[in-house]
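Asker: Those protein sequence lines, which keep their order, are chains A and B.
Heads up: the first sequence runs through residues 0 to 110, numbered per numbering that gives the first Met the number 0.
Heads up: the second sequence runs through residues 0 to 249, numbered per numbering that gives the first Met the number 0.
Ideal Cβ positions, reconstructed from N, Cα and C, are used throughout, including at glycine.
For clarity, every value in this text was computed on a predicted model and none was experimentally measured.
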Amino acid sequence: MTTAEIADKTGGAIAVDKPGAVVNYAYASDLLSDVMGHCGDESVLITIQNHLNTIAVCTLAGIEVIVICHGRPVPDDMAEAARREEVAIVTTPMSPYEASLALSELPPSKK
Amino acid sequence: MKFDLHIHSCLSPCASLEMSPGEIVARAVAAGMGGIAITDHNSAMNAPAMAVRARKAGLACLFGMEVQTAEEAHTLAIFDTPEQALAMTEWVYAAMPKRVNDPDTFGDQPILSADGDEDEIADLEWRILAMGCRRTIPETSAKAHELGGLYIAAHIDRPNFSVVSSLGSIPSAPDGTPYFDAVELSRTANADEWLPRAEGYAVTRSSDAHNLDDVARVWTEADIDGFTVAELKRAFAFRLTKPSPRITRF
Numbered sequence: 000m001t002t003a004e005i006a007d008k009t010g011g012a013i014a015v016d017k018p019g020a021v022v023n024y025a026y027a028s029d030l031l032s033d034v035m036g037h038c039g040d041e042s043v044l045i046t047i048q049n050h051l052n053t054i055a056v057c058t059l060a061g062i063e064v065i066v067i068c069h070g071r072p073v074p075d076d077m078a079e080a081a082r083r084e085e086v087a088i089v090t091t092p093m094s095p096y097e098a099s100l101a102l103s104e105l106p107p108s109k110k
Numbered sequence: 000m001k002f003d004l005h006i007h008s009c010l011s012p013c014a015s016l017e018m019s020p021g022e023i024v025a026r027a028v029a030a031g032m033g034g035i036a037i038t039d040h041n042s043a044m045n046a047p048a049m050a051v052r053a054r055k056a057g058l059a060c061l062f063g064m065e066v067q068t069a070e071e072a073h074t075l076a077i078f079d080t081p082e083q084a085l086a087m088t089e090w091v092y093a094a095m096p097k098r099v100n101d102p103d104t105f106g107d108q109p110i111l112s113a114d115g116d117e118d119e120i121a122d123l124e125w126r127i128l129a130m131g132c133r134r135t136i137p138e139t140s141a142k143a144h145e146l147g148g149l150y151i152a153a154h155i156d157r158p159n160f161s162v163v164s165s166l167g168s169i170p171s172a173p174d175g176t177p178y179f180d181a182v183e184l185s186r187t188a189n190a191d192e193w194l195p196r197a198e199g200y201a202v203t204r205s206s207d208a209h210n211l212d213d214v215a216r217v218w219t220e221a222d223i224d225g226f227t228v229a230e231l232k233r234a235f236a237f238r239l240t241k242p243s244p245r246i247t248r249f
């Protein structure tokens, strides 16, 4: 699934694009240590954590796309780090549950 | 006395490399602080260098760290001596992910030398300090107090990494015993909004400075006889602390 498809299915917008990003799995969590422990690569992360540290976790876990829920804004330092580390960010007005349902064709991400 | 209890040194990966102990001390003295605490993420490895610089400048200094707990809450453990703070560091390090820091991704983590008259890099911390540890708030509170320190809930008004944002409120033990000695407001927090949400705790305001210009931009004031853990504990117990005005413009 591409970033554009993720944005489309979640009724969201691409805040930071990563051309060519394709994800095959999905994971939803707001606890970054949990993401570190359980989310594998080629994944989209559905979260409310609109923070710089989320990008750091994505680089470690191999997460390609982040979906930020509840329309939370993407801070400048987070967007800058995402561009640098090549992680795409989609923002959606949906809750994490709604976004998970919208992306339900993706199988669960596992380590 | 005015004091700033939350200052990062260059050891914190997200802090500016200009945040050397010597420069931090100079800024704090110039800003009229009676005391400061150095609180890097999950580590007090720059406490020895800080102690030397502060002593030379005649500035009272406490030594601690900003522990990112298992709940992903930022909490300050603050001590009188570098030795206590380093004992706390050892305990936190034992529960950190064993991953090597990539300076290009997260930032550099220099440990400065406590010898000589200049700020010189002695070593680089290899662990990723930007991550949380597996210690919970109850465990961290017990350890900080066992080692003779203070335990403060950091920036409770912030939307990420505060006890309030992670847990919804300020936790206490099942028997009602508080885990925290005080709570901290960030530099921009509106006191009118947040004092009622402090749940009766003593309230501090600190800079959470990550660069030199932010050192002591906000502070806490209290009538205390010396800048020590015991005196701060007394000030907290009697709710004697008064947060400075917030910053409304950058």
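Since A/Ala6 meets chain B, which of its residues come closer than 9 Å, beta carbon to beta carbon?
Answerer: The residue labelled residue 6 of chain A in the question sits at position 7 within the first sequence. Simply none; closest approach about 23 Å.
Asker: Spell out a yes or no on whether the segment 191 to 208 of chain B and the segment 161 to 172 of chain B are touching, meaning 3 or more CB-CB pairs, one atom from each, closer than 8 Å.
Answerer: Because the criterion of three Cβ pairs below 8 Å is met, the segment 191 to 208 of chain B and the segment 161 to 172 of chain B touch.
Asker: Under 8 Å, do A/Val73 and A/Gly11 count as touching if we go by C-beta distance?
Answerer: One-based indexing of the first sequence puts residue 73 of chain A at position 74. One-based indexing of the first sequence puts residue 11 of chain A at position 12. In this structure, A/Gly11 does not lie closer than 8 Å to A/Val73 by Cβ.
Asker: If we cut at 8 Å on Cβ distances, does A/Thr91 have a partner in chain B?
Answerer: Looking up residue 91 of chain A in the first sequence gives position 92. No, A/Thr91 lies away from the interface with chain B (no Cβ there is under 8 Å from its Cβ).
Asker: Strictly below 7 Å CB to CB, what residues from chain B border A/His69?
Answerer: Looking up residue 69 of chain A in the first sequence gives position 70. What A/His69 touches in chain B: nothing, since even the nearest Cβ is about 11 Å away.
Asker: Does B/Lys97 pass the burial test, meaning 16 or more other C-beta atoms within 10 Å, or should it be called exposed?
Answerer: Translated into the one-based positions of the second sequence, residue 97 of chain B becomes position 98. It counts as exposed.
Asker: Can you pull out the residues from the segment 14 to 32 of chain A whose beta carbon lies closer than 7 Å to at least one beta carbon of chain B?
Answerer: Answer in chain order: Leu30, Leu31 and Ser32.
Asker: Quick one: which unbroken beta strand (DSSP E) runs of 3-plus residues sit fully inside the segment 31 to 63 of chain B? Chain order, please.
Answerer: 34 to 40
Asker: Give the DSSP-derived three-state secondary structure of B/Glu183 in the structure shown.
Answerer: The residue you call residue 183 of chain B lines up with position 184 of the second sequence. Strand.
Asker: Since B/Glu220 sits in a beta bridge, which residues does DSSP pair it with?
Answerer: Counting from one through the second sequence, the residue named residue 220 of chain B turns up at place 221. Looking at the DSSP assignment, B/Glu220 forms a beta bridge with B/Lys1 and B/Lys241.
Asker: Let me see if you follow: with CB-CB separation under 8 Å, is A/Glu50 close to chain B or not?
Answerer: Here residue 50 of chain A is taken as the residue at index 51 of the first sequence, counted from 1. With the sequence shown as reference, residue 50 of chain A is identified as His, and Glu is not the correct amino acid for it. Chain B, which has a Cβ nearer than 8 Å to the Cβ of A/His50, makes this yes.
Asker: Would you say B/Gly131 reaches chain A, if we count a Cβ-Cβ gap shorter than 8 Å as a contact?
Answerer: Here residue 131 of chain B refers to the residue found at position 132 when the second sequence is read from its first residue. Taking 8 Å as the threshold, the shortest C-beta distance from B/Gly131 to chain A falls below it.
Asker: Taking only beta-carbon positions, decide if B/Thr104 is within less than 8 Å of chain A.
Answerer: Here residue 104 of chain B refers to the residue found at position 105 of the second sequence. Contact with chain A is found for B/Thr104, since one of that chain's Cβ atoms lies less than 8 Å from the residue's Cβ.
Asker: Between B/Glu71 and chain A, is any beta-carbon pair separated by less than 8 Å?
Answerer: Here residue 71 of chain B refers to the residue found at position 72 when the second sequence is read from its first residue. Taking Cβ atoms only, chain A reaches closer than 8 Å to B/Glu71, which makes this a yes.
Asker: Where does B/Leu16 land, buried or exposed, given buried means 16+ other C-beta within 10 angstroms?
Answerer: Along the second sequence, read from residue 1 onward, the residue named residue 16 of chain B stands at position 17. Exposed is the call here.
Asker: Output the boundary residues of the alpha helix (DSSP H) element that contains A/His37.
Answerer: Here residue 37 of chain A refers to the residue found at position 38 of the first sequence. It spans Leu31 to His37 - the alpha helix (DSSP H) in which A/His37 sits, taken as one unbroken run.
Asker: Buried or exposed for A/Lys8, please, with buried defined as at least 16 other CB atoms from any protein chain shown within 10 angstroms of its CB.
Answerer: Stepping through the first sequence from its first residue, residue 8 of chain A is reached at position 9. Per the 10 Å Cβ criterion, buried.
Asker: If we ignore side chains and look at the alpha-carbon of each, how far apart do A/Ser108 and A/His37 end up?
Answerer: Taking the first residue of the first sequence as 1, we reach residue 108 of chain A at position 109. Taking the first residue of the first sequence as 1, we reach residue 37 of chain A at position 38. If I take the Cα positions, the gap works out to 8 Å.
Asker: Which stretch, first to last residue, makes up the beta strand (DSSP E) that contains B/His73?
Answerer: Counting from 1 along the second sequence, the entry for residue 73 of chain B is found at position 74. From DSSP, the beta strand (DSSP E) with B/His73 extends over His73 to Phe78.
Asker: Scan the segment 156 to 185 of chain B for residues whose Cβ lies nearer than 7 Å to a Cβ of chain A and list them as they occur along the chain.
Answerer: Residues of the segment 156 to 185 of chain B with a C-beta atom less than 7 Å from some C-beta of chain A are Asn159, listed in chain order.
Asker: Going by DSSP in three states, B/Pro81 sits in which element: helix, strand or coil?
Answerer: Looking up residue 81 of chain B in the second sequence gives position 82. Residue state, collapsed to three classes: helix.
Asker: B/Pro96 CB to nearest chain A CB: under 8 Å?
Answerer: On the second sequence, residue 96 of chain B is found 97 positions in, with the first residue counted as 1. Yes, its Cβ sits closer than 8 Å to a Cβ of chain A.
Asker: If the criterion is Cβ atoms closer than 8 Å, does the pair A/Met35 and A/Leu59 meet it?
Answerer: For the purposes of this step, residue 35 of chain A is taken as residue 36 along the first sequence, with counting starting at 1. For the purposes of this step, residue 59 of chain A is taken as residue 60 along the first sequence, with counting starting at 1. Against a cut-off of 8 Å, the Cβ pair of A/Leu59 and A/Met35 comes out as a contact.
Asker: Cutting at 7 Å between CB atoms, please list the residues of its own chain near A/Tyr24, excluding the five before and the five after it.
Answerer: To locate residue 24 of chain A, count along the first sequence from 1; it is residue 25. Excluding sequence neighbours, A/Tyr24 sits near Gly39, Glu41, Ser42, Leu105, Pro106, Pro107 and Ser108.
Asker: On the three-state DSSP scale, how would you describe B/Glu145?
Answerer: Within the second sequence, the letter at position 146 stands for residue 145 of chain B. Here B/Glu145 sits in helix by DSSP.
Asker: Are three or more beta carbon pairs between the segment 174 to 184 of chain B and the segment 135 to 152 of chain B nearer than 8 Å?
Answerer: yes
Asker: Please report how far the alpha carbon of B/Pro20 lies from the alpha carbon of A/Ser28, in whole angstroms.
Answerer: As a position in the second sequence, residue 20 of chain B is number 21, starting the count at 1. As a position in the first sequence, residue 28 of chain A is number 29, starting the count at 1. So the alpha carbons of these two residues sit roughly 38 Å apart.
Asker: Beta-carbon within less than 8 Å of B/Pro211's beta-carbon, same chain only, minus the 5 sequence neighbours each way: which residues are those?
Answerer: As a position in the second sequence, residue 211 of chain B is number 212, starting the count at 1. One point to set straight first is that residue 211 of chain B is Leu, not Pro, in the sequence displayed. Ser15, Glu17, Met18, Glu22, Ile23 and Arg26.
Asker: Closest to B/Val51 by C-alpha separation, out of B/Glu65, B/Ala113 and B/Asp79, would be which residue?
Answerer: As a working note, residue 51 of chain B is residue 52 in the second sequence. When only C-alpha atoms are compared, the closest one is B/Ala113.
Asker: Nearest CA to the CA of B/Gly257: which residue from B/Asn100, B/Glu230 and B/Met44?
Answerer: Nothing can be reported for residue 257 of chain B: it is not among the residues displayed for chain B, which extend from 0 to 249.
Asker: Do B/Phe160 and B/His73 have their C-beta atoms within less than 8 Å of each other?
Answerer: Along the second sequence, one-based indexing puts residue 160 of chain B at 161. Along the second sequence, one-based indexing puts residue 73 of chain B at 74. Yes, the pair counts as a contact, with Cβ atoms nearer than the cut-off.
Asker: Quick one: is A/Ala78 near chain B, going by C-beta distance under 8 Å?
Answerer: Mapped onto the first sequence, residue 78 of chain A falls at position 79. So no, A/Ala78 is outside the interface.
Asker: Which same chain residues, not among the five before or five after A/Leu51, have their C-beta less than 8 Å away from its C-beta?
Answerer: Your numbering for residue 51 of chain A matches position 52 in the first sequence. For A/Leu51, where only same-chain residues beyond five positions count, the Cβ hits under 8 Å are Pro74, Asp76, Met77 and Ala80.
Asker: Please go through the segment 48 to 92 of chain A and give each complete alpha helix (DSSP H) segment of 4 or more residues, from N-terminal end onward.
Answerer: 51 to 60 and 75 to 84
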